[in-house]
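Take the numbering used here: the last position of the sequence shown gets the number 704, and nothing is skipped along the way. By construction, the Cβ of each residue, glycine as well, lies at the ideal position given by its N, Cα and C atoms. Notes follow the structure.
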Amino acid sequence: MSEQLKIIMFLKGMISDLIFINSIIATELIKMNENLAVQRHGEDFLKESKCIPEHQKLASHIIDIVDKYNKTHNDEPRKDDLKKHVLKHD
């Protein structure tokens, strides 16, 4: 394998990792905002808000991005872990 190809493959893996890490940060920030809203306004505020379905859509988009850019068989376990965590997160 040429040196240039090795560098490209390394960068591809690094970008894939960064996308995955950013997806975790993004979904956790969504949850933190929900938790802060509950602390500040109470659970009824959040239940009556239309934010929860919107947050679920955003989380779904984030998972789609991870699916789009993490294509190797080595990425499957971490994608599955993220999906389980995000979709069941309370």
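Pairwise C-alpha distance: E657 and S663: As a working note, residue 663 is residue 49 in the sequence shown. As a working note, residue 657 is residue 43 in the sequence shown. Computed Cα separation, rounded: 10 Å.
Cβ pair H669, E648 closer than 8 Å: The residue given as residue 669 occupies position 55 in the sequence shown. The residue given as residue 648 occupies position 34 in the sequence shown. It is a contact, given that the beta carbons lie within the stated cut-off.
S637 classed as buried or exposed, judged by whether at least 16 other C-beta atoms fall within 10 angstroms: As a working note, residue 637 is residue 23 in the sequence shown. It counts as buried.
CB of K693 within 8 Å of CB of D678, strictly: As a working mapping, residue 693 is identified with position 79 in the sequence shown. As a working mapping, residue 678 is identified with position 64 in the sequence shown. It is not a contact, given that the beta carbons lie outside the stated cut-off.
Host alpha helix (DSSP H) of K664 (start-end): In the sequence shown, counting from the first residue as 1, residue 664 sits at position 50. It is not in any alpha helix (DSSP H) - K664 carries neither H nor E in the DSSP assignment.
L660 vs A673 beta-carbon contact at 8 Å: The residue given as residue 660 occupies position 46 in the sequence shown. The residue given as residue 673 occupies position 59 in the sequence shown. No; because the gap between Cβ atoms is not below 8 Å, this pair is not in contact.
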